[in-house]
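Visitor: FYI, the numbering used here numbers position 41 of the sequence shown as 158, with every residue one higher than the one before it.
Every residue gets a Cβ at the ideal spot worked out from N, C-alpha and C, and that includes glycine.
Values in this document were obtained by computation on a predicted structure and should not be read as measured data.
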Amino acid sequence: MAVMPAAAQGASSTDDDNHRWEFFLPFHLVSLEIPKYDIKADVVDMAKSATMYFTAGLKWTADNGLWVEYQGWYGKYAVEEGKGARDSTSGRQQIDLGIVQYDISYNAGLAVQADLDIEMSQSIQALRLGYPFYQHRGFIVEGTTGLRYYHQRIKIRGQLDVVANGGATIDITRPPILGGNETISGVIDFNESFSGSIVETQQWAELTLGGQLGYRHGRHSYRLSYSFGSEKSSRGEINYRYDVKKFYAALGLRRDILYPDDVKVVQSGPLMTLGYKF
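1. Using the Cα positions of V383 and W321, report the straight-line distance between them to the nearest angstrom.
2. Between E186, Y266, L277, which has its C-alpha nearest A228's C-alpha?
3. With which residues is H253 paired in a DSSP beta bridge?
4. What's the C-alpha gap between S400 and E150?
5. Can you check whether the CB of W138 is closer than 9 Å to the CB of K200?
6. Alpha carbon to alpha carbon, how far is F307 from F140? Give it in angstroms, no decimals.
7. Kindly indicate which three-state DSSP category K153 falls into: helix, strand or coil?
8. By alpha-carbon positions, which one of L244, G215, N224 ends up nearest to I289?
9. F256 and G369 - do their beta-carbons sit closer together than 9 Å?
10. If we ignore side chains and look at the alpha-carbon of each, how far apart do R265 and G283 end up?
11. Under the three-state reduction of DSSP, which class applies to S385: helix, strand or coil?
12. How many angstroms separate the CA atom of R372 from the CA atom of E354?
13. Do L146 and G174 have their beta-carbon atoms positioned less than 9 Å apart in this structure?
14. Would you mind working out which of A243, P292, A281 sits nearest P152, comparing C-alpha positions?
15. Just reading off the alpha helix (DSSP H) that A164 is part of, what are its end residues?
16. Checking the sheet assignment: what are the DSSP bridge partners for T390?
17. DSSP three-state label for I305, please.
18. What is the DSSP secondary structure of L295, counted as helix, strand or coil?
19. With a Cβ-Cβ cutoff of 9 Å, do R358 and S338 count as a contact?
20. Assuming contact is defined by CB atoms lying nearer than 9 Å, are Q239 and W190 in contact in what I supplied?
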């Protein structure tokens with residue numbers, strides 16, 4: 118199952134216990150979008166493409182409500198897409214792979230196959246600090262700050278194979294990272310391989326600042342949070358949490374926006390968290 122890290126749900130331990138520590142496993146069922154290159158992969162695509170995943174978190178809460186949380190995550194994904202066409206007469210075929218498009222005109226029969234692979238690896242280490250500035254009749258307002266460390270890469274590989282019975286013209290539209298646009302005419306047999314990194318392997322850290330608004334009634338709690346980072350990132354989240362003695366479960370939605378190399382990357386979808394208090 119493709120997952121991404123989710124923020125720890127809820128503030129501190131329940132009112133009727135003295136647990137200071139929480140160990141939690143957050144699961145983010147994520148969809149991926151990179152608008153600049155017209156790349157989209159929904160939750161199902163990402164779930165099928167996950168090749169490695171690990172995430173966990175630990176949180177400590179003081180008597181006055183001050184809390185410190187650490188969370189680590191690593192994930193690797195590989196999304197594949199392929200399209201083909203075959204025609205025994207003259208005509209035109211348009212093959213759209215999102216980041217690369219082929220417009221092929223031919224005066225006799227043609228067979229074409231295009232494939233695209235997108236690999237994404239990402240690790241995040243996050244340390245957060247929060248404090249409840251206001252608590253009254255179940256309502257709570259918290260301020261948060263922290264530090265996030267990222268290491269990620271997004272790489273693209275592709276292949277085009279064309280066999281024509283007569284002359285053919287291929288107009289190729291692709292971004293500069295994959296060689297730019299090109300027109301090839303008069304080909305009978307043609308193939309090309311291309312590769313490039315939307316985001317080179319990179320590491321960066323950022324300071325974060327945000328807030329949380331919540332309401333609690335007995336074992337039920339609701340929370341809305343938002344934070345932004347010094348590297349233009351942002352994170353919005355809404356969730357519901359239910360506590361049972363030493364355990365809790367939470368369900369909600371989350372949306373992350375990152376700007377590695379000034380390329381907008383959107384990761385959004387439902388999130389679930391299972392936790393143990395001790």
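Guide: Let me lay it out:
1. 18 Å
2. L277
3. F256
4. An answer regarding residue 400 cannot be provided, because it is not within the stretch 118 to 395 covered by the chain.
5. no
6. 56 Å
7. helix
8. Looking at the Cα atoms, G215 is the closest of the given residues.
9. No; because the gap between Cβ atoms is not below 9 Å, this pair is not in contact.
10. 57 Å
11. strand
12. 6 Å
13. no
14. Residue P292 is the option with its Cα nearest to P152.
15. According to the DSSP assignment, A164 belongs to the alpha helix (DSSP H) that extends over 160-166.
16. P143, A367
17. coil
18. helix
19. yes
20. yes
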